[in-house]
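Novice: Line by line, the protein sequences are chains A and B.
Counting the first sequence from 1 gives a position; our numbering is that position plus 24.
Counting the second sequence from 1 gives a position; our numbering is that position plus 20.
Handing you a structure now.
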Amino acid sequence: MRILIIEDEVRLAENVATAFRDRYGSAVDCAHDGLEGFSLAESGHYDLLILDLMLPGADGLSIVTKLRTRGDATPILILTARDERAHVIDLLNAGADDYLTKPFDLGELLARGKALIRRGKGVANTVLTLGQLSLNSVEQTVHGDSQLVDLSPTEYRILEYLMFRPRAIVSKRELLEHLYDYRWEHHSNVIEAHVSNLRKKLRATGELALVETIRGRGYRLSVPEASQ
Amino acid sequence: MKTRSLTRTLTVGVLAAELLCAALFSVVAIAHEMHDRARAFDVMLNGRADSLLGAVQDAEDPDDNVVVDQTELVVPPQDAYEVIMANGRMVGHSPGSSATLLAALSSHTSFGYFNFMADGRHYRGLRKPGIRVIDRDENGGIRRPVTLLYAAPTSHLWHQAVEAVRFYIIAGVLLLLLTGVIMAWFLRRSLSPLRELAERAARVSTSAWEFTPPDEALHTHELEPIASSIQALLLGLQQSFERQRQFTGDAAHELKTSIAVLKSSLQLLALRERTSTEYALAIEGLLLDTQRMEDLTNRMLTLARIEQAPPAASASLETTDLSSIVQIVAERLYPAMQLHRVALTLAASSQMPVTVAAEDVDVLCSNLLMNAIQHSTPGGSISVSLSKDPANVRMSISDTGDGIAPDALPHIFERFYRADASRSRISGGAGLGLAICKGIVDRCGGSIAVTSVIGKGTHVEVIMPLARQSKVAQLHVATAEASS
């Protein structure tokens with residue numbers, strides 16, 4: 025999952041970014057002013073925006089409004105030092121999905137962030153299932169027919185992303201953009217190896233799910249006819 | 021405390037004045053009436069005495085006696101009279117008068133009018149000489165001198181006078197009552213704009229500052245200044261209230277953010293097991309965060325102190341030499357200048373006394389110089405020059421740094437404003453430095469202005485009134501202590 029943090033307090037942004045990387049292995053980009061943040065958010069590669077309200081350049085509320093006007097549906101979590109009721113109502117009405125007041129609890133921020141990403145993908149349950157394959161996004165574990173599948177962090181993240189969009193074709197570029205931060209192009213060659221490893225491990229479960237490579241278009245996670 | 025009613029005071033005052041006038045008028049009228057009546061009375065007494073003389077007849081006896089012929093004499097029954105011959109013999113008196121009255125009448129011996137009391141009544145009497153000529157012929161007849169005494173009671177005089185003035189007294193009392201009623205009504209009516217004004221003013225609260233004085237009050241000569249000053253007062257209060265609220269909000273935001281940094285750093289550390297190297301690094305970071313929070317708190321407290329302390333009280337107390345403080349600050353900031361590879365030229369010679377506390381001058385100079393250093397590009401230069409004229413001290417600080425954007429320039433003195441946020445966050449600024457500078461300069465009645473060209477540099481000009489020379493001598497002690 026790729027996350028954008030727009031926060032002018034550099035130390036705070038770093039802490040939040042590190043927490044998401046450490047806990048979920050997320051790819052995190054940071055922007056320290058409103059204009060830079062908005063231009064990054066516009067690219068649409070993010071699965072979650074974490075936005076401070078008082079920003080130089082453009083304030084958080086106007087960024088939310090602009091993104092929503094453009095039809096961008098990326099989940100937005102607001103960090104604010106103000107907790108007046110009317111203010112919160114304005115934020116949510118403008119299109120923000122959730123908010124936390126500073127000083128917040130880092131664990132809560134991580135959980136809310138995760139929940140927003142899940143909801144953003146149209147999933148309510150923390151356990152994603154496809155056929156006999158189930159993925160627990162909290163424990164970050166994968167089970168194939170109640171048998172634990174041992175995956176590396178990157179393999180897990182690839183599978184998690186694909187499980188949010190089962191049976192859909194996900195391009196290599198999209199996968200890269202959502203799994204890595206702005207330096208994703210450097211990982212372009214590595215991802216094929218990761219996908220290949222993942223495919224092997226899934227095959228070992230007894231073909232409960234398979235990652236197809238569709239030439240020139242990308243990857244697709246599907247359930248073989250036999251096991252359906 | 022008992023409240024005083026203006027309406028009541030005014031009504032009572034006017035009525036009392038009116039009552040006094042009416043009483044004075046009545047007394048004067050009665051006195052005048054009495055005077056007139058007394059004169060008429062005297063004339064009447066004289067006339068009756070003359071008619072008494074006419075009744076004196078030659079007695080038909082050889083002794084040249086006279087008698088009073090009472091048959092032709094008509095006088096009021098309560099009057100008393102006596103006729104006394106030259107030899108002292110009384111030849112006649114009023115028949116109905118008591119002996120005591122007659123005795124009292126005749127006891128008066130000098131001619132003219134006189135007052136006396138008899139039988140418990142007041143009388144006014146007249147003693148006058150009269151000559152009765154008998155057998156008037158060519159020789160002139162026989163002259164018989166007599167003394168006439170005539171008296172009449174005066175008690176009815178007073179009653180008559182009061183009777184004559186009574187109309188005016190009644191009219192006066194009625195007028196008094198009428199005035200009272202009209203006054204009460206009129207005052208209530210004409211004071212209604214004041215009541216309205218008070219009601220409107222009472223509706224003002226910290227959440228509803230709106231105050232529009234009633235038109236009536238604005239068009240009333242006496243109320244207009246009150247209405248205007250309430251309006252001005254409320255406007256000032258509202259502005260300072262808003263400023264305070266803004267400041268509290270901003271301060272809360274800054275503090276909460278600082279705490280958020282600390283808290284998230286600690287929680288991040290606790291997310292999983294760390295190596296001792298990681299812990300050491302984290303502690304270093306946490307110490308820096310704490311230091312920043314401390315600086316922020318100090319700056320906010322400085323700003324609060326400068327903006328809240330009454331300007332006159334402390335400003336007039338202390339005199340500080342600007343030029344020596346600038347030199348001290350420049351020495352102190354030398355390491356920072358070396359770090360940024362910035363050169364400083366300082367042009368200050370004579371004493372420049374200003375009426376600002378040494379501590380504040382220090383804060384002013386170090387904030388401005390530190391700004392110049394931080395915004396300078398490596399290899400740049402800063403020039404500080406001090407000059408004075410008979411009234412003012414002028415300090416100019418120019419740098420060859422990156423300058424301030426034109427759209428940021430009008431806001432740089434606002435509290436918590438950062439022209440370049442990410443950068444000041446890194447350098448630890450909270451956007452309070454220039455607000456503090458402005459606070460210090462404003463308090464001593466000076467001015468501060470900033471001009472800037474992007475890419476070329478910034479020029480800050482501070483003008484402060486020159487202090488009287490009296491207290492500068494003490495200053496050297498203070499600065500010597502500060503530098504040691």
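Ideal Cβ positions, reconstructed from N, Cα and C, are used throughout, including at glycine.
1) Excluding five sequence neighbours on each side, which residues of the same chain lie with their C-beta closer than 6 Å to the C-beta of B:H496?
2) For A:T98, collect the residues of the same chain with a Cβ closer than 6 Å to its Cβ; drop the 5 residues on either side in sequence, then sort them by chain order.
3) Mind checking B:F187: buried by the 16 CB within 10 Å criterion, or exposed?
4) Could you give the distance in angstroms between the alpha-carbon of B:A455 and the alpha-carbon of B:D309?
5) Going along chain B, which residues have a C-beta under 7 Å from A:G8?
6) Can you check whether the CB of A:L133 is closer than 8 Å to the CB of B:T277?
7) Report yes or no: is there a C-beta of chain A within less than 8 Å of the C-beta of B:R263?
8) With a threshold of 8 Å between beta carbons, is B:A280 in contact with chain A?
9) Are the C-beta of A:F44 and some C-beta of chain B separated by less than 8 Å?
10) A:F128 versus chain B: which residues are under 8 Å apart at the beta carbon?
11) Distance, Cα to Cα, B:F267 vs B:V480?
12) With a Cβ-Cβ cutoff of 8 Å, do A:V235 and A:L186 count as a contact?
13) For B:D427 versus B:G477, is the C-beta spacing smaller than 8 Å?
14) Beta strand (DSSP E) containing B:H395: first to last residue?
15) On a Cα-Cα basis, can you pick out the residue from A:Y123, A:A120, A:L245 that is closest to A:L199?
16) Which one or two residues does DSSP pair with A:Q171 in a beta bridge?
17) Helix, strand or coil: how does DSSP classify B:G505 here?
18) Let me know the secondary structure DSSP gives A:D46 once reduced to three states.
19) Within the 8 Å Cβ cut-off, does A:L73 reach chain B?
20) Along the chain, where does the beta strand (DSSP E) that runs through A:I74 open and close?
21) Got a sec: which bits of the region 221-233 of chain A sit with their beta carbon under 9 Å from any beta carbon on chain B, in order along the chain?
22) Would you identify the three-state DSSP class for A:G61, choosing helix, strand or coil?
23) Leaving out the 5 sequence neighbours to the left and right, which residues in its chain are closer than 8 Å to B:Q90 when beta-carbon positions are compared?
24) With three or more beta-carbon pairs closer than 8 Å as the criterion, would you say the region 49-63 of chain B touches the region 194-207 of chain B?
25) Any C-beta of chain B sitting closer than 8 Å to the C-beta of A:N213?
26) Curious, which full-length alpha helix (DSSP H) runs of at least 4 residues does the region 59-142 of chain A contain?
27) If the cut is a Cβ gap below 8 Å, which residues of chain A does B:K276 touch?
28) Where does the unbroken alpha helix (DSSP H) through B:K283 begin, and where does it stop?
29) For chain A, check one thing: does any of its Cβ atoms lie closer than 8 Å to the Cβ of B:A455?
30) What separation, rounded to the nearest whole angstrom, lies between the Cα atoms of B:R443 and B:H360?
31) Quick one: is A:L101 near chain B, going by C-beta distance under 8 Å?
32) Taking all protein chains shown into account, do 16 or more other C-beta atoms lie within 10 angstroms of the C-beta of A:K126, making it buried, or fewer, making it exposed?
33) To the nearest angstrom, report how far apart A:L130 and B:A247 are at their CA atoms.
34) Along the chain, where does the alpha helix (DSSP H) that runs through B:I402 open and close?
35) Just checking, does the region 371-386 of chain B make contact with the region 453-473 of chain B on the three C-beta pairs under 8 Å criterion?
36) Which residues in chain B have a C-beta closer than 9 Å to the C-beta of A:L40? List them in chain order.
Specialist: Considering the structure as presented:
1) Reading the second sequence from its first residue, position 476 is the one you call residue 496 of chain B. With a pLDDT of only 49 at B:H496, under 50, the local geometry of the prediction cannot be trusted, and the value read off the model is given with reservation. Excluding positions up to five away in sequence, the list is empty.
2) By 1-based counting over the first sequence, the position of residue 98 of chain A is 74. If we look at A:T98 and ignore the five residues flanking it on each side, its Cβ neighbours are Y70, L73.
3) Numbered from its first residue, the second sequence carries residue 187 of chain B at position 167. It is exposed - the Cβ of B:F187 has fewer than 16 other Cβ atoms within 10 Å.
4) Position 435 of the second sequence, counted from the first residue, corresponds to residue 455 of chain B. Position 289 of the second sequence, counted from the first residue, corresponds to residue 309 of chain B. In a straight line, the C-alpha of B:A455 is about 23 Å away from that of B:D309.
5) Residue 8 of chain A lies beyond the residue range present for chain A, which begins at 25 and ends at 252; the question has no answer from this structure.
6) Position 257 of the second sequence holds residue 277 of chain B. Position 109 of the first sequence holds residue 133 of chain A. No.
7) As a first step, residue 263 of chain B is located in the second sequence; it is residue number 243 there, counting from the start. No - not a single Cβ of chain A is within 8 Å of the one on B:R263.
8) Numbered from its first residue, the second sequence carries residue 280 of chain B at position 260. At least one chain A Cβ lies under 8 Å of B:A280.
9) Stepping through the first sequence from its first residue, residue 44 of chain A is reached at position 20. Judged by the 8 Å Cβ criterion, A:F44 is not in contact with chain B.
10) Working through the first sequence from its first residue, we reach residue 128 of chain A at position 104. Residues of chain B with a Cβ closer than 8 Å to the Cβ of A:F128 are, in chain order, A280, K283, S284.
11) Here residue 267 of chain B refers to the residue found at position 247 of the second sequence. Here residue 480 of chain B refers to the residue found at position 460 of the second sequence. B:F267 and B:V480: Cα-Cα distance of roughly 25 Å.
12) As a working note, residue 235 of chain A is residue 211 in the first sequence. As a working note, residue 186 of chain A is residue 162 in the first sequence. Cβ atoms of A:V235 and A:L186: closer than 8 Å.
13) Locating residue 427 of chain B in the second sequence gives position 407, where the first residue counts as 1. Locating residue 477 of chain B in the second sequence gives position 457, where the first residue counts as 1. Contact: no.
14) Within the second sequence, residue 395 of chain B is the residue found at index 375, counting from 1. In the DSSP annotation of this structure, B:H395 is not part of any beta strand (DSSP E), being labelled neither H nor E.
15) Your numbering for residue 199 of chain A matches position 175 in the first sequence. Of the listed residues, the one whose Cα sits closest to A:L199 is A:L245.
16) Numbered from 1 along the first sequence, position 147 holds the residue referred to as residue 171 of chain A. Under DSSP, A:Q171 shares a beta bridge with A:G168.
17) Past the boundaries of the shown model lies residue 505 of chain B; chain B is included only from 21 to 504, so the question cannot be answered.
18) On the first sequence, position 22 is the one that residue 46 of chain A refers to. Judged by DSSP in its simplified three-state form, A:D46 adopts helix.
19) For the purposes of this step, residue 73 of chain A is taken as the residue at position 49 of the first sequence. False, the Cβ-Cβ gap to chain B never drops below 8 Å.
20) In the first sequence, residue 74 of chain A corresponds to position 50, counting from 1. The continuous beta strand (DSSP E) containing A:I74 extends over residues 72-76.
21) The residues in question: there are none.
22) Taking the first residue of the first sequence as 1, we reach residue 61 of chain A at position 37. In this structure, A:G61 counts as helix in the three-state DSSP scheme.
23) Residue mapping note: residue 90 of chain B aligns to position 70 of the second sequence, counting from 1. So the list reads A75, G112, P115, once near-sequence residues are dropped.
24) Fewer than three Cβ pairs drawn from the region 49-63 of chain B and the region 194-207 of chain B lie within less than 8 Å of each other, which leaves the two stretches out of contact.
25) Residue 213 of chain A sits at position 189 when you count from the first residue of the first sequence. Chain B contact via Cβ: absent.
26) Secondary structure remark: continuous alpha helix (DSSP H) runs of at least 4 residues inside the region 59-142 of chain A, in chain order: 84-93, 109-118.
27) For the purposes of this step, residue 276 of chain B is identified with residue 256 of the second sequence, where counting begins at 1. Within chain A, the residues near B:K276 are A105, T125, K126, P127.
28) As a first step, residue 283 of chain B is located in the second sequence; it is residue number 263 there, counting from the start. Secondary structure note for B:K283: its alpha helix (DSSP H) is the uninterrupted segment 244-290.
29) Along the second sequence, read from residue 1 onward, the residue named residue 455 of chain B stands at position 435. With 8 Å as the cut-off, B:A455 does not count as an interface residue toward chain A.
30) Locating residue 443 of chain B in the second sequence gives position 423, where the first residue counts as 1. Locating residue 360 of chain B in the second sequence gives position 340, where the first residue counts as 1. Unreliable positioning characterises B:R443 in this predicted model, as indicated by a pLDDT of 47, which lies under 50. A coordinate reading is not provided.
31) Working through the first sequence from its first residue, we reach residue 101 of chain A at position 77. So, not an interface residue.
32) Indexing the first sequence from 1 puts residue 126 of chain A at position 102. A:K126 is buried by the Cβ-count criterion.
33) For the purposes of this step, residue 130 of chain A is taken as residue 106 along the first sequence, with counting starting at 1. For the purposes of this step, residue 247 of chain B is taken as residue 227 along the second sequence, with counting starting at 1. Cα-Cα distance, rounded: 55 Å.
34) The residue you call residue 402 of chain B lines up with position 382 of the second sequence. Unbroken run through B:I402 is the beta strand (DSSP E), 401-408; no alpha helix (DSSP H).
35) Yes: at least three Cβ pairs fall under 8 Å.
36) For the purposes of this step, residue 40 of chain A is identified with residue 16 of the first sequence, where counting begins at 1. According to the sequence as given, residue 40 of chain A is Val; it is not Leu. Around A:V40, the beta-carbon contacts reaching into chain B at under 9 Å are S284, L288.
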